[in-house]
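A short write-up of the structure that comes next.
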Amino acid sequence: MKSCKKFLKKYKLPLIISLVFILGITSFFVSQKLLSPSITLLGKKEVTVNLHGHYEEEGVKANCLGKDVGDEVKIEGKVDTEKEGTYTITYRIKENGIEKKVERKVIVKDIEPPTITLEGDKEVTICDLASYQELGYHAMDNADGDITDKVKITKDEEKIVYEVSDNNGNKATETRYFKIEDNEAPVITLNGGEILSIVIGNSYKELGYKASDNCMGDVTNKVKVSGSVDTGKLGTYEITYTVEDLNGHKTTTKRVVNVISREKAGVIYLTFDDGPKEGTTNVILDILKEEGVKATFFVTNSGPDYLIKREADEGHTVALHTASHEYDKVYVSVESYFNDLASVQARVKRLTGKEANIIRFPGGSSNTISRNYCQGIMSQLTKEVLLRGYHYFDWNVSAEDAGGAKTSSSVYKNVTSSLSKSRANVVLLHDIKAQTRDALRDIIQYGKMHGYTFEAITYDTPMVTHKVNN
Ligand code: ZN
Numbered sequence: 046m047k048s049c050k051k052f053l054k055k056y057k058l059p060l061i062i063s064l065v066f067i068l069g070i071t072s073f074f075v076s077q078k079l080l081s082p083s084i085t086l087l088g089k090k091e092v093t094v095n096l097h098g099h100y101e102e103e104g105v106k107a108n109c110l111g112k113d114v115g116d117e118v119k120i121e122g123k124v125d126t127e128k129e130g131t132y133t134i135t136y137r138i139k140e141n142g143i144e145k146k147v148e149r150k151v152i153v154k155d156i157e158p159p160t161i162t163l164e165g166d167k168e169v170t171i172c173d174l175a176s177y178q179e180l181g182y183h184a185m186d187n188a189d190g191d192i193t194d195k196v197k198i199t200k201d202e203e204k205i206v207y208e209v210s211d212n213n214g215n216k217a218t219e220t221r222y223f224k225i226e227d228n229e230a231p232v233i234t235l236n237g238g239e240i241l242s243i244v245i246g247n248s249y250k251e252l253g254y255k256a257s258d259n260c261m262g263d264v265t266n267k268v269k270v271s272g273s274v275d276t277g278k279l280g281t282y283e284i285t286y287t288v289e290d291l292n293g294h295k296t297t298t299k300r301v302v303n304v305i306s307r308e309k310a311g312v313i314y315l316t317f318d319d320g321p322k323e324g325t326t327n328v329i330l331d332i333l334k335e336e337g338v339k340a341t342f343f344v345t346n347s348g349p350d351y352l353i354k355r356e357a358d359e360g361h362t363v364a365l366h367t368a369s370h371e372y373d374k375v376y377v378s379v380e381s382y383f384n385d386l387a388s389v390q391a392r393v394k395r396l397t398g399k400e401a402n403i404i405r406f407p408g409g410s411s412n413t414i415s416r417n418y419c420q421g422i423m424s425q426l427t428k429e430v431l432l433r434g435y436h437y438f439d440w441n442v443s444a445e446d447a448g449g450a451k452t453s454s455s456v457y458k459n460v461t462s463s464l465s466k467s468r469a470n471v472v473l474l475h476d477i478k479a480q481t482r483d484a485l486r487d488i489i490q491y492g493k494m495h496g497y498t499f500e501a502i503t504y505d506t507p508m509v510t511h512k513v514n515n
């Protein structure tokens, strides 16, 4: 006890000092704990954002002395989603002189795989693997752009696999499946159409054909032709065309040839005004060629040159209509009329190398509109053109395709209902009209089926003219 008292006496002061110190430290830490704010990340500590994507700031939760102090949080750092990299966002809060912070790591990188787009069907039917021709594909990536040239193709009996990786190793694959079979027979097309009429005594000449097969390609030389036509004897003859592919698919097409009497034969002169025009005249020429029919084109100065050249090259008659087709210019005087005619004449000469000598007056020789510009001009012109060596043609069948006939069925009806075997049929059509283009094949087939023959107008064709009204 004695030593204890001695001890206390000796160390009283240091003990008190230590006690006060410990108490001070403790209360300091306690107050720090109480007064300091708290801050917690909302969302993840590390976030990955797609390049060119969007970074969504999720923020933090901050409290101090039980109060929400989120509004006072300062956010430092920015994320550039257009640029790959690692970004740090720092969130700071300071309350009662005490600062706390948290950080978030944001990684911007390309995590999106490329996309592969296949052209054509994803399932293709082919004859054999060797005959497959790549239908095409594209590969696009959000970061690298067009990476089509990086696509790797592997092919087996059943499929083609297209694979591609972008620069960041994101992969994409697409597959196209094969169905190997030949389910198609060859196709035969006949030049000159499936029905022909020939006047007795004229010669029959094979107009030709083409045959193609989905697996074998051009098989024209494998076509067997049978049947014959006796052009010395009236009747209906059949020519049969047959072709077979390697898988036993057989196609047979027939051509009907009518040998008709001279009296029974009607002639149709298909005449087309106001062209040429891209989109209609070219298709009309295709149809005429396929049907083996010649026609007459009364051209203007409009439309592309090559179509006029084609008309001439394919054996049609290129005739003159008008350069401008503007009545108030063409019909003001005889001189104006011939100036306009000379202009279209020069165009035709330049393109065909020939002087055209067949004409059709704008509006026909019976037009009355010219009265508005010059009294009596049609009476003068119809005489004058003959003196200058032209033959002019009006018509006796009108498709009405520049007027009321707006559909191919009305064009067809107007023409076919007016045809007659007892005269030459000069049919007025306009090759600038879609409904005429669309009706043409049916008109030709109607004519062939009903014993008409088709001819182009020549200088020797007897003129078909109207009564002059001015
Ligand atoms: Zn016209």
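Quick note on my numbering: the sequence shown kicks off at 46 and runs consecutively. All C-beta atoms in this analysis are idealised placements derived from N, C-alpha and C, irrespective of residue type, glycine included. Just so you know, these numbers come straight off a predicted model, no measurement behind them.
Local Cβ density within 10 Å of residue i, reported as buried at 16 or more and exposed below that
i	result
THR515	Residue 515 is actually Asn in this sequence, not Thr. Buried, because 16 or more other Cβ atoms sit within 10 Å of the Cβ of ASN515.
HIS361	buried
ASP258	buried
ASN228	exposed
ASP319	buried
THR135	exposed
TYR504	exposed
SER410	buried
ALA391	exposed
ALA387	exposed
ASN212	exposed
ARG486	buried
ARG468	exposed
SER271	exposed
Rounded separation between residue i and residue j - CA only
i	j	result
MET85	ILE156	The residue asked about is misnamed: residue 85 is Thr in this sequence, not Met. Their backbone Cα atoms lie some 28 Å apart in a straight line.
THR367	GLU380	14 Å
LEU432	ARG307	33 Å
ALA289	HIS495	The residue asked about is misnamed: residue 289 is Glu in this sequence, not Ala. About 33 Å.
GLY104	GLU140	18 Å
VAL169	ILE192	24 Å
TYR100	LYS322	57 Å
ARG405	ARG221	59 Å
ASP476	SER415	24 Å
ILE198	LYS204	10 Å
ASP201	PRO231	27 Å
PHE343	LYS451	21 Å
LYS89	VAL147	12 Å
ASN346	TYR249	38 Å
PHE591	LEU60	This structure cannot speak to residue 591, because the chain is shown only from 46 to 515.
ILE107	VAL118	Reading the sequence as shown, one finds Ala at residue 107 and not Ile. Whole-angstrom Cα-Cα distance: 7 Å.
PHE74	SER81	10 Å
THR481	THR316	11 Å
ARG395	VAL389	10 Å
SER94	ASN215	The displayed chain sequence assigns Val, not Ser, to residue 94. One C-alpha to the other measures close to 15 Å.
VAL114	VAL151	24 Å
VAL268	GLY293	14 Å
LEU96	LYS154	5 Å
VAL124	ALA188	17 Å
TYR177	MET261	13 Å
MET185	ARG149	32 Å
Assigned secondary structure, residue i (DSSP; H/G/I helix, E/B strand, else coil)
i	result
VAL94	strand
THR276	coil
MET508	coil
SER411	coil
PHE406	coil
GLY130	strand
LEU180	coil
PHE223	strand
GLU251	coil
ASN470	strand
LEU315	strand
PHE438	coil
GLU308	coil
ARG482	helix
LEU86	strand
THR503	coil
LYS123	coil
TYR497	strand
ILE284	strand
ASP487	helix
ILE477	coil
LEU58	helix
Integer Cβ distance of residue i from residue j, believed to fall under 8 Å
i	j	result
LEU241	VAL302	5 Å
VAL304	THR276	5 Å
is_contact[residue i, chain C] using C-beta, thresh 8 Å
i	result
SER176	The displayed structure is made up of one protein chain only, and chain C is not part of it.
Legend entry - Uninterrupted alpha helix (DSSP H) stretches inside the stretch 320-397 (no shorter than 4 residues): 326-336, 350-358, 372-375, 379-397
Legend entry - Closer than 6 Å: residues whose CB approaches a heavy atom of the ligand SAH: The ligand SAH is not among the ligands present in this structure, which contains only the ligand ZN.
Legend entry - Within the stretch 133-211, ranges of the beta strand (DSSP E) (whole runs, at least 3 residues): Here the runs fully enclosed are 143-154, 160-163, 168-171, 182-186, 197-200, 204-210.
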